[in-house]
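First up is the structure itself, then whatever we jot down about it.
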Ligand code: GUN
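Numbering (my numbering), first residue to last: 36 to 317.
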């Protein structure tokens with residue numbers, strides 16, 4: 036048996052088209068959504084992401100404001116920039132690209148962002164809102180995973196979901212979103228006992244560990260839906276956290292790497308910016 040491919044690239048393209056339509060309607064009313072992206076330092080991967088975010092922001096008709104600061108920028112200068120962006124009515128969303136240089140306090144910087152403009156959903160207020168079922172800005176990567184799961188499965192109610200990885204960016208918010216959709220959720224991590232056995236109980240398996248080909252085919256329950264969040268650079272090119280060749284023989288559906296979760300992340304950033312703009316004007 037061979038699994039259905041969940042085409043994140045096509046899904047993201049469709050989402051961007053819908054966003055562009057809504058942006059055009061807003062512009063007709065004199066409102067142009069604006070996204071500010073802040074990059075500190077010259078991390079090559081971050082530079083690629085930031086360029087891609089700026090390009091796609093413009094493509095859907097939004098304004099893009101890029102702020103590139105040298106790696107040695109004092110934290111106080113970054114905080115002052117965030118204050119200016121918080122106060123700027125043309126800026127509806129603010130994203131500070133992570134990781135930040137070691138001399139900066141990531142938590143302090145993120146929490147300086149006005150929660151209403153926190154399109155990453157990383158501030159403690161948005162994390163708390165998500166956890167307590169209030170209207171929150173939801174982190175982009177897990178939001179993209181949720182959209183693909185809903186599209187593929189319809190209702191997630193009562194499904195057994197296993198999330199491998201407990202990061203603040205993916206694992207924890209992914210678990211909250213699955214719980215909000217009434218899945219039965221287990222978060223697994225490096226200390227989990229019998230991880231293969233646990234994974235075999237999962238109707239929905241989300242891998243976000245950052246280890247190439249970590250999840251093997253015999254960890255996958257036949258017919259399960261597998262979401263691979265990993266993007267690992269290897270000698271064989273980009274590969275996910277799931278051994279795709281093995282898992283696709285067993286799974287019912289699976290996201291490829293590349294072309295699965297990745298494209299959805301930026302599309303969801305644009306969706307969050309649109310939501311922030313609508314809330315600011317509504
Ligand atoms: N670095 C890696 N992923 C992300 C993300 O989703 N948001 C931000 N701000 N930085 C990142």
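Every residue, glycine too, gets a C-beta built ideally from N, C-alpha and C.
No heavy atom of the ligand GUN is found nearer than 8 Å to the CB of residue 296.
Between residue 209 and residue 243 the beta-carbon gap is near 7 Å, inside 8 Å, which marks them as a contact. Selection 179, 172, 105 and 63 evaluated against residue 77 yields 105 as nearest (Cα-Cα).
Within the same chain, Cβ atoms closer than 8 Å to the Cβ of residue 245 are found at 200, 265, 267 and 276, the five residues on either side in sequence being excluded. Spanning the alpha carbons of residue 188 and residue 137 requires a straight line of approximately 42 Å. Pairing residue 161 with residue 173 gives a Cβ-Cβ distance under 9 Å.
Annotation: residue 206 to residue 292 spans about 18 Å, alpha carbon to alpha carbon.
For secondary structure counted as the beta strand (DSSP E) over 3 or more consecutive residues, the region 229-277 holds these complete runs in sequence order: 239-242, 260-263, 267-269 and 272-274. Taken from the Cβ of residue 140, every heavy atom of the ligand GUN lies 8 Å or farther away. Distances between the C-beta of residue 81 and the heavy atoms of the ligand GUN include at least one below 8 Å. In the structure shown, residue 103 falls within a strand segment according to DSSP collapsed to helix, strand and coil. In terms of Cα proximity to residue 69, the closest of 38, 101 and 83 is 101. Distance between residue 280 and residue 50, taken at the CA atoms: about 28 Å. Shown in chain order are the residues whose CB sits closer than 6 Å to a heavy atom of the ligand GUN: 130, 131, 132, 133, 155, 175, 176 and 204. Here residue 195 carries a strand assignment [DSSP, helix/strand/coil].
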